[in-house]
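First the structure, in the form of structure tokens, and then the observations on it.
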Amino acid sequence: MNLFGRGVRLEEQVVLDRLLDDAFAPGRSRRVPISAARVRARVAWQREAPESRGWRAVAWLGRLGETSLAVGMTALLFAGSLGGVGGQTDFVQPERGSEDVVRVAVPLDDSRLVRLLRLGLAAPGTDDVDAATVPTREADEGEPVITVRERGGLLRRTTVPTPGDDDEPVNTVRERGGLLR
Amino acid sequence: MTRRRAAPAADAFEERTDRELVVAARTGDMPAFDALFYRYRDGIFRLGLSITKDPSHAEEIVVDTFARAYRAIDRLEPDESLRPWLYRVAVNLSYNRQPRKGITFSSLDDALADVMTPEEGSPPILAERAEQRAAVLECVDRLGDKHKVVVVLHYLNGLNLAEIALVVGCPVGTVKSRLHYALRNLRTHLSAHPGLSVEPTVALGATGSMELMRSQGQV
């Protein structure tokens, strides 16, 4: 069994040879009226004209200018790169711990309203909170923030169990300054 | 007088080999280069015409090929045959000038039909023969580029397998394989044509292949 199809048998090849020979017969007898002068004209047209001495000097000067410009630019870039490494460079270092602080808008609840009333316009609109403790949007969307840990902030709201009444937690607003409990 | 002098000169060039003409052309002998040009001009034109299907492109290919040959005459190895080198340049130039897809200047049979020499025979036979040629050339046109160039070089330009291998730049075995697959594809295409009978049982009949080949003068 031939995987690539049936091959061409000798008899078929004879018939194909005859058909192809017959088909190409008019083409084989074709002559083209092209003169050799046309080739010479093409060669002469494409041949580069010899340069005069003046044009050669101009070309030499041009190449010299290009080379000097390239060398100058390279030297300038190299010197600039060395100066950048050797000189004193002041890098602005980020403040420690500031990279994980984000600003979030806190919903206006009772305690925040109290703080706004007490501090007036001096109260910041946003709180600096730890990014790790920010509740996800899916979890608390539409719900008040239960716990916001403020990094050195003004307000902390926690749930503190009272010693005498374990079953009933009391929400206590503790203010760092101790003004409100 | 001039004719009597020119004719022996032309004969002298025709008798000289490619190598002798190349060596003479290197020394600036322009008639020797012209003799090379007139020797291979028609074959390169036919090759260019079969690939580009445009006579004006084919003429440009002839001129470009020999202009390149003139510039490279010092680098040409006279030991090697000049013909495969010229055909190789012509094939590359032809592929560069190949018509883009969707644009057809004229088919191969159209390009050749205007130069068909008048043949003897009754009008019905001539018409039938012309139709057969058109069908075969149409099937050749439908071949892929690699197969088509091998068929054209072999059947139109008369190059042997070794020369075709030099032209297309691959081993002789590859050329054989391409020619075989080209003939197989042609057999498939031609079998589908109602006016042609490629099947040997139909073509040869009960007389046998040798008798048919003898009648066609192939044996």
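Sequence order for the protein chains is A and B. Here the first sequence stands for residues 17 to 197, numbered as in this note's numbering. Here the second sequence stands for residues -6 to 212, numbered as in this note's numbering. Built from N, CA and C at the ideal position, the CB exists for glycine as well.
Can you find a heavy atom of the ligand MG that lies under 6 Å from the Cβ of residue i?
i	result
Leu183 (chain B)	In the structure on display, the ligand MG does not appear, and there are no ligands present to speak of.
Take residue i as the anchor and find which of the options has the nearest alpha-carbon.
i	options	result
Ile50 (chain A)	B:Arg32, B:Glu13 and B:Leu179	B:Arg32
Leu152 (chain B)	B:Tyr88, B:Arg81 and B:Glu124	B:Arg81
Ala60 (chain B)	A:Arg56, A:Gly99 and A:Ala73	A:Arg56
Ala18 (chain B)	B:Leu172, B:Asp67 and B:Ile157	B:Asp67
Phe26 (chain B)	B:Val143, B:Thr58 and B:Arg122	B:Thr58
Ser45 (chain A)	B:Leu29, B:Ile37, B:Met23 and B:Glu13	B:Ile37
Val145 (chain B)	B:Gly166, B:Leu179, B:Glu121 and B:Leu119	B:Leu179
Leu26 (chain A)	B:Leu183, B:Ala185, B:His173 and B:Pro187	B:His173
Leu42 (chain B)	A:Pro42, A:Ala75, A:Glu82 and A:Val74	A:Pro42
Leu183 (chain B)	B:Val129, B:Leu86 and B:Val55	B:Val129
Leu36 (chain A)	B:Gln125, B:Gly137, B:Arg39 and B:Thr167	B:Gln125
His50 (chain B)	B:Val84, B:Ala127 and B:Ala28	B:Val84
Leu119 (chain B)	A:Val130, A:Ala39 and A:Gln29	A:Ala39
Gln62 (chain A)	B:Arg64, B:Glu52, B:Asp47 and B:Asp35	B:Arg64
Thr10 (chain B)	B:Ala28, B:Val133, B:Arg177 and B:Arg135	B:Ala28
Ala213 (chain B)	B:Leu176, B:Thr20, B:His186 and B:Arg39	No answer is possible for residue 213 (chain B): it lies beyond the span of chain B, which begins at -6 and ends at 212.
Arg39 (chain B)	A:Leu98, A:Gly78, A:Arg47 and A:Ala95	A:Arg47
May I ask you to report which of helix, strand or coil DSSP gives residue i?
i	result
Thr163 (chain A)	Low per-residue confidence applies at Thr163 (chain A): pLDDT is 48, beneath 50, and the placement is therefore not dependable, though the value from the model is reported in the following sentence. Coil.
Thr10 (chain B)	coil
His147 (chain B)	helix
Asn153 (chain B)	coil
His173 (chain B)	helix
Gly137 (chain B)	coil
Gln91 (chain B)	coil
Glu82 (chain A)	helix
Gly210 (chain B)	Only weak support exists for where Gly210 (chain B) lies, its pLDDT of 47 falling under 50; the value from the coordinates is given anyway. Three-state DSSP puts Gly210 (chain B) in coil, outside helix and strand.
Pro49 (chain A)	coil
Ile118 (chain B)	helix
Arg76 (chain B)	helix
Ile66 (chain B)	coil
Val24 (chain A)	coil
Pro213 (chain B)	Residue coverage of chain B in this structure runs from -6 to 212, which leaves residue 213 (chain B) outside it and unanswerable.
Pro164 (chain B)	coil
Ser68 (chain A)	coil
Gly21 (chain B)	coil
Asp125 (chain A)	coil
Asp47 (chain B)	coil
Near residue i, which residues of its chain fall below 8 Å by C-beta distance, leaving aside the five closest residues on each side in sequence?
i	result
Val24 (chain A)	Leu32
Pro164 (chain B)	Ala158
Leu69 (chain B)	Val15, Ala62, Leu75 and Trp78
Val168 (chain B)	Val143, Leu154, Ile157, Ala158 and Val161
Leu136 (chain B)	Val144, Ala175, Asn178 and Leu179
Arg34 (chain A)	none
Find the residues of chain A that neighbour residue i, judging by a C-beta separation of less than 9 Å, and give them in chain order.
i	result
Arg19 (chain B)	Within 9 Å Cβ-Cβ: nothing; Arg19 (chain B) doesn't reach chain A, min ~15 Å.
Val56 (chain B)	Ile50, Arg54, Val55, Ala57 and Arg58
Arg9 (chain B)	Going along chain A, no residue has its Cβ under 9 Å from Arg9 (chain B), so there is no contact; the nearest lies around 16 Å.
Leu176 (chain B)	Val24, Glu28, Gln29, Leu32, Asp33 and Leu36
Arg126 (chain B)	Leu35, Asp38, Ala39, Phe40, Ala41 and Pro42
Give the interface partners of residue i over in chain B, defined as CB-CB distance under 8 Å, in chain order.
i	result
Val74 (chain A)	Simply none; closest approach about 27 Å.
Leu92 (chain A)	Here the premise fails: no neighbours, minimum Cβ distance about 44 Å.
Chain A partners of residue i, CB-CB under 7 Å?
i	result
Phe6 (chain B)	What Phe6 (chain B) touches in chain A: nothing, since even the nearest Cβ is about 12 Å away.
Val82 (chain B)	Near Val82 (chain B) there are no residues of chain A at all, since even the closest Cβ is about 13 Å away, more than 7 Å.
Glu52 (chain B)	Val48 and Ile50
Asp27 (chain B)	Ala52
Leu130 (chain B)	Ala39
Leu149 (chain B)	Phe40, Gly43 and Arg44
Leu179 (chain B)	Leu32
Under 7 Å Cβ to Cβ from residue i, same chain only, skipping five residues before and after it: list those, please.
i	result
Gln91 (chain B)	Ile44 and Thr45
Arg244 (chain B)	Because chain B here runs from -6 to 212, residue 244 (chain B) falls outside it and cannot be looked at.
Ala155 (chain B)	Val165
Val30 (chain A)	none
Arg34 (chain B)	Val55
His147 (chain B)	Ile157 and Leu172
Cys132 (chain B)	Leu179, His182 and Leu183
Can you pull the chain A residues whose beta carbon is under 8 Å from the beta carbon of residue i, in chain order?
i	result
His173 (chain B)	Gly23 and Val24
Ala60 (chain B)	Val55, Arg58, Val59 and Gln62
Asp35 (chain B)	Arg46, Arg47 and Val48
Leu69 (chain B)	Under the 8 Å cutoff, chain A gives no residues; its nearest Cβ is about 15 Å from Leu69 (chain B).
Tyr223 (chain B)	Summary: the structure shown does not reach residue 223 (chain B), with chain B confined to residues -6 through 212, and so no result is reported for it.
Arg39 (chain B)	Gly43, Arg44 and Arg46
Between residue i and the rest of its own chain, which residues show a CB-CB distance below 6 Å, the 5 nearest in sequence each way excluded?
i	result
Asp156 (chain A)	Confidence at Asp156 (chain A) is low in this model, with a pLDDT of 49, below 50, so its placement is unreliable and the value that follows should be read with caution. Closer than 6 Å at the Cβ level, and outside the excluded window around Asp156 (chain A), lies no residue.
Ile162 (chain A)	At Ile162 (chain A), the pLDDT of 48 sits below 50, so the modelled position is not reliable; the number obtained from the coordinates is stated separately. For Ile162 (chain A), where only same-chain residues beyond five positions count, there are no Cβ hits under 6 Å.
Ile54 (chain B)	Gly41, Ala83, Leu86 and Ser87
Phe6 (chain B)	Ala28
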